[in-house]
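Take the position in the sequence shown, starting the count at 1, then add 4; the result is the number in our numbering.
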Amino acid sequence: MRKRYLCALFAALSALFVAVAALQTRNNLPTVADSRPLILLDAGHGGFDGGTVASDDTVEKDINLEVTTDLSVVLRLLGYRVSTTRKTDTALDDDPTKTIRERKRADMAARLALYDAASLVISIHQNHFPDASCRGTQVFYSTNHPDSEVLAEKIRQATVSRLQPDNRRACKAGSKDILLLHKTTSPAVIVECGFLSNSEERALLKSEHYRRRLALAFADGIVQFQPT
Ligand SMILES: [Zn+2]
């Protein structure tokens, strides 16, 4: 019953937010300079780049977009200024006449420009590992800005306390292989929401209810961080 209530509440709040945004657009209301910090939510992968693919053909990019969309709704309702790298299944700055390598490079460059223009970046991904027993959210942070580790720890704590009491995964500094974290100068984290290679966790990640609870936990961590 509580589950259904939460889903209905979330759907109602989402619809309200969309309606208000549409009204503002239609009435062309004057905009004032927005001094609030800009939170960028990066839905990992997209378009030609699906990310990891599970044994049941669940594609990472789709789960990333769902979690990102839910998180953006929650944060906007809480009054934060939010933008996202994508709203649909597309890569950024994509030119289909180019090679996959060139397209990947252009996508990364476009994302990095958005990262560096933001006050704060949360990139949403899903994990995959040969050992199918691995599960649980893990947060990686950029070492270029000290706030990144603080944000990562707040998101980890909120996720453990709200959803995953047995999760012992510590936050980790992103290696230089995680190119966007390695290069951006903004406070930035990557949240690996869970393992698509674990069938139980994959089933959870495919459930709207669980994804929304994840989004609420991440939002809680962001609020605790107190973006400035
Ligand atoms: Zn990924």
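A virtual CB, placed ideally from N, CA and C, is assigned to each residue, including glycine.
The structure displayed is predicted, hence computed values, not measured ones.
Closer than 5 Å between the C-beta and any heavy atom of ligand 1: which residues qualify, listed along the chain? The filter returns Gly48, Gly55, His129, in chain order.
Proline 191 versus arginine 90 - alpha carbon distance: As a working note, residue 191 is residue 187 in the sequence shown. As a working note, residue 90 is residue 86 in the sequence shown. Note on geometry: alpha-carbon atoms of proline 191 and arginine 90 lie some 20 Å from one another.
In angstroms with no decimal places, state the Cα-to-Cα distance between proline 41 and tyrosine 84. Numbered from its first residue, the sequence shown carries residue 41 at position 37. Numbered from its first residue, the sequence shown carries residue 84 at position 80. Their Cα atoms are separated by approximately 8 Å.
Rounding to the nearest angstrom, what Cα-Cα distance links tyrosine 249 and aspartate 99 in this structure? Summary: the structure shown does not reach residue 249, with the chain confined to residues 5 through 232, and so no result is reported for it.
Could you pull the start and end residues of the alpha helix (DSSP H) that arginine 85 belongs to? If you number the sequence shown from 1, residue 85 lands on position 81. Segment 85 to 88 is the beta strand (DSSP E) holding arginine 85; no alpha helix (DSSP H) there.
Alpha carbon of aspartate 66 to alpha carbon of glutamate 196, nearest angstrom: Position 62 of the sequence shown, counting from 1, holds the residue named residue 66. Position 192 of the sequence shown, counting from 1, holds the residue named residue 196. Roughly 14 Å separates the two Cα atoms.
Quick check: the Cα distance between arginine 217 and aspartate 97, rounded to an integer number of angstroms? Within the sequence shown, numbered from 1, the residue matching residue 217 stands at position 213. Within the sequence shown, numbered from 1, the residue matching residue 97 stands at position 93. When the Cα atoms are used, arginine 217 and aspartate 97 turn out to be separated by approximately 32 Å.
In or out: isoleucine 128 buried (at least 16 other Cβ within 10 Å) or exposed? The residue labelled residue 128 in the question sits at position 124 within the sequence shown. Classification of isoleucine 128: buried, given that the 10 Å Cβ count is 16 or more.
Same chain, Cβ closer than 7 Å to alanine 221, five either side skipped, listed in chain order: Counted from its first residue, the sequence shown places residue 221 at position 217. Once the five neighbours on either side are set aside, the close Cβ partners of alanine 221 are Ala162, Thr163, Arg166, Leu167.
Taking only three categories from DSSP, how would you classify leucine 81? Indexing the sequence shown from 1 puts residue 81 at position 77. When DSSP states are grouped into helix, strand and coil, leucine 81 belongs to the helix group.
Neighbour flag for glutamate 212 against chain B, beta carbons, 8 Å: The chain labelled as chain B is not found in the depicted structure, where only one protein chain is given.
Pick from Ser137, Asp170, Ser76 that is closest to serine 203, judged by C-alpha positions: Here residue 203 is taken as the residue at index 199 of the sequence shown, counted from 1. The residue with the shortest Cα to Cα distance from serine 203 is Ser137.
Is it the case that the segment 117 to 127 contacts the segment 180 to 188, given that we only count it when at least three CB pairs across the two stretches are under 8 Å? yes
Taking the straight line between their C-alpha atoms, what separation do you get for glycine 198 and serine 87? Walking along the sequence shown from the start, residue 198 turns up at place 194. Walking along the sequence shown from the start, residue 87 turns up at place 83. C-alpha separation (whole angstroms): 23 Å.
Let me know the alpha helix (DSSP H) ranges lying completely inside the segment 117 to 185, each 4 residues or longer, listed in chain order. 150 to 166
Could you tell me if the beta carbon of leucine 200 falls within a distance shorter than 7 Å of some heavy atom in ligand 3? No copy of ligand 3 appears in this structure; the ligands present are ligand 1.
Strand pairing of glycine 50, partner residues [DSSP]: Locating residue 50 in the sequence shown gives position 46, where the first residue counts as 1. Glycine 50 pairs with Asp53.
Compute the distance between the beta-carbons of histidine 49 and glutamate 70, then report whether it is under 8 Å. The count along the sequence shown starts at 1 and reaches residue 49 at position 45. The count along the sequence shown starts at 1 and reaches residue 70 at position 66. In this structure, glutamate 70 does not lie closer than 8 Å to histidine 49 by Cβ.
Cα-Cα separation between lysine 158 and glycine 178, rounded to whole angstroms: Counting from 1 along the sequence shown, the entry for residue 158 is found at position 154. Counting from 1 along the sequence shown, the entry for residue 178 is found at position 174. About 17 Å.
When you compare the CB positions of threonine 156 and valine 193, do they come within less than 8 Å of one another, or not? On the sequence shown, residue 156 is found 152 positions in, with the first residue counted as 1. On the sequence shown, residue 193 is found 189 positions in, with the first residue counted as 1. The sequence given here places alanine at residue 156; threonine does not occur at that position. Inclusion of alanine 156 and valine 193 in the CB contact set at 8 Å is warranted, their separation being smaller than that value.
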